[in-house]
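Novice: Before I ask anything, here is the structure I am working with.
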Amino acid sequence: MQYFVTLYIHPMQGANIPHAFLGLTHTHPDELDKLKDVDIYKYQTGYYSDKPTLIHVKDKWYNNIYPSILDSNFGDEGFWGFAPVKSKTSHWGVVFENNQYIPKWHDNFQQYTYIDKRPLSTFWQQNRCVFEASKEQYEAVLQSIKKEIS
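For what it's worth, UniProt numbering labels the leading residue of the sequence shown as 1, then goes sequentially.
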C-alpha cells in the first residue's frame with residue numbers, strides 16, 4: 001500500500017492570506033484527479049431546514065466528507081487544517097477535519113458546518129506538494145493529528 005501526504009495551498013486572492021491544509025491518501029492525488037465523478041458523501045442543506053445533512057452523491061474525490069479520525073469507521077484518509085475558532089476563547093491552533101471545505105460557525109446549531117467549498121484552484125497540481133511517505137511516517141502523522149483532535 002502507498003502513503004501520500006499532500007500539502008494543499010489555497011492561493012491568495014486579493015488581500016486574503018493563503019490557507020494551507022494537509023491531505024492524507026493511499027492514492028496519489030494526480031491519479032485521483034484522473035477519475036471522473038466517484039461515490040462520495042457530502043453535506044447539503046435541506047429544503048425545510050438549514051441544518052446540513054450528509055448525502056451520498058457522485059462528485060470529485062476531494063469533495064468527500066471523510067469520517068472523523070476519532071470514529072471507528074475512519075479509513076486512514078482525509079483533510080486537516082487550522083482555522084480561527086469562534087466557539088473557543090483562544091481561537092488559534094485548533095485542528096479541523098474535512099478542511100477541504102471552509103469551516104463556518106453556525107450560531108443556530110452551535111457547531112461548524114462544511115458546505116462552502118474552497119476554490120477549485122486549491123486542488124490544482126501547481127497548488128499542492130505531494131510527499132510519498134513510509135507506513136511508519138504516515139501513521140505518525142495520523143497519531144499527531146488524532147492527539148490534536150481529541
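We treat Cβ as the ideally placed atom computed from N, Cα and C, and that holds for glycine.
Relative to the C-alpha of G75, which residue among K104, L24, Q110 is closest?
Specialist: Within the sequence shown, residue 75 is the residue found at index 75, counting from 1. Comparing Cα-Cα distances from G75 to each of K104, L24, Q110, the minimum goes to L24.
Novice: Take the Cβ of E95 as the centre, count every other Cβ of all protein chains shown within 10 Å, and call the residue buried at 16 or more, exposed below.
Specialist: Within the sequence shown, numbered from 1, the residue matching residue 95 stands at position 95. The sequence given here places Val at residue 95; Glu does not occur at that position. The residue in question, V95, is buried, as its Cβ has 16 or more Cβ neighbours within 10 Å.
Novice: Quick one: Cα of K58 to Cα of V38, how far?
Specialist: Here residue 58 refers to the residue found at position 58 of the sequence shown. Here residue 38 refers to the residue found at position 38 of the sequence shown. Going by the C-alpha atoms only, they are around 5 Å apart.
Novice: Let me check one thing: in DSSP terms, what residues is A20 bridge-paired to?
Specialist: Numbered from its first residue, the sequence shown carries residue 20 at position 20. For A20, which the question treats as bridged, DSSP gives the partners I9.
Novice: Considering Cα atoms alone, identify which of D107, L70, H56 is closest to L142.
Specialist: As a first step, residue 142 is located in the sequence shown; it is residue number 142 there, counting from the start. Nearest option by C-alpha distance: L70.
Novice: From F4 to Q125, what distance separates their C-alpha atoms?
Specialist: Here residue 4 is taken as the residue at index 4 of the sequence shown, counted from 1. Here residue 125 is taken as the residue at index 125 of the sequence shown, counted from 1. Near 14 Å, if we compare the C-alpha coordinates of Q125 and F4.
Novice: Please identify the residue among V130, I65, L32, P103 whose C-alpha is closest to the C-alpha of G81.
Specialist: Position 81 of the sequence shown, counting from 1, holds the residue named residue 81. Cα-wise, what sits closest to G81 is P103.
Novice: Between which residues of its own chain and Y138 is the CB-CB distance below 6 Å, once the five residues before and five after are set aside?
Specialist: As a working note, residue 138 is residue 138 in the sequence shown. Correct list, in chain order: Y3.
Novice: Can you have a look at residue 170 and say buried or exposed, based on whether 16 or more other CB atoms are within 10 angstroms of its CB?
Specialist: Residue 170 is absent from the structure shown; the chain starts at 1 and stops at 150.
Novice: How is the beta strand (DSSP E) around Q126 delimited, first residue to last?
Specialist: Residue mapping note: residue 126 aligns to position 126 of the sequence shown, counting from 1. Counting along the chain, Q126 falls outside any beta strand (DSSP E), and DSSP gives it neither H nor E.
Novice: On the criterion of 16 or more Cβ atoms from any shown chain inside 10 Å, does Y8 qualify as buried, or is it exposed?
Specialist: Counting from one through the sequence shown, the residue named residue 8 turns up at place 8. It counts as buried.
Novice: For T89, I'd like the list of residues in its chain whose CB is within less than 8 Å of its CB, leaving aside the five on either flank, ordered along the chain.
Specialist: Locating residue 89 in the sequence shown gives position 89, counting from the first residue. With a pLDDT of 49 at T89, under the threshold of 50, the modelled position of this residue cannot be trusted; read the value that follows with caution. Taken in chain order, the list of residues that qualify is empty.
Novice: Just verifying my parser: in three-state terms, what is the DSSP assignment at E77?
Specialist: Translated into the one-based positions of the sequence shown, residue 77 becomes position 77. E77 falls in the coil class under three-state DSSP.
Novice: In angstroms with no decimal places, state the Cα-to-Cα distance between H106 and K117.
Specialist: Your numbering for residue 106 matches position 106 in the sequence shown. Your numbering for residue 117 matches position 117 in the sequence shown. Their backbone Cα atoms lie some 16 Å apart in a straight line.
Novice: Using 8 Å for Cβ pairs, my map puts T113 next to Y66. What's the rounded Cβ distance?
Specialist: Taking the first residue of the sequence shown as 1, we reach residue 113 at position 113. Taking the first residue of the sequence shown as 1, we reach residue 66 at position 66. That pair is no contact at about 16 Å.
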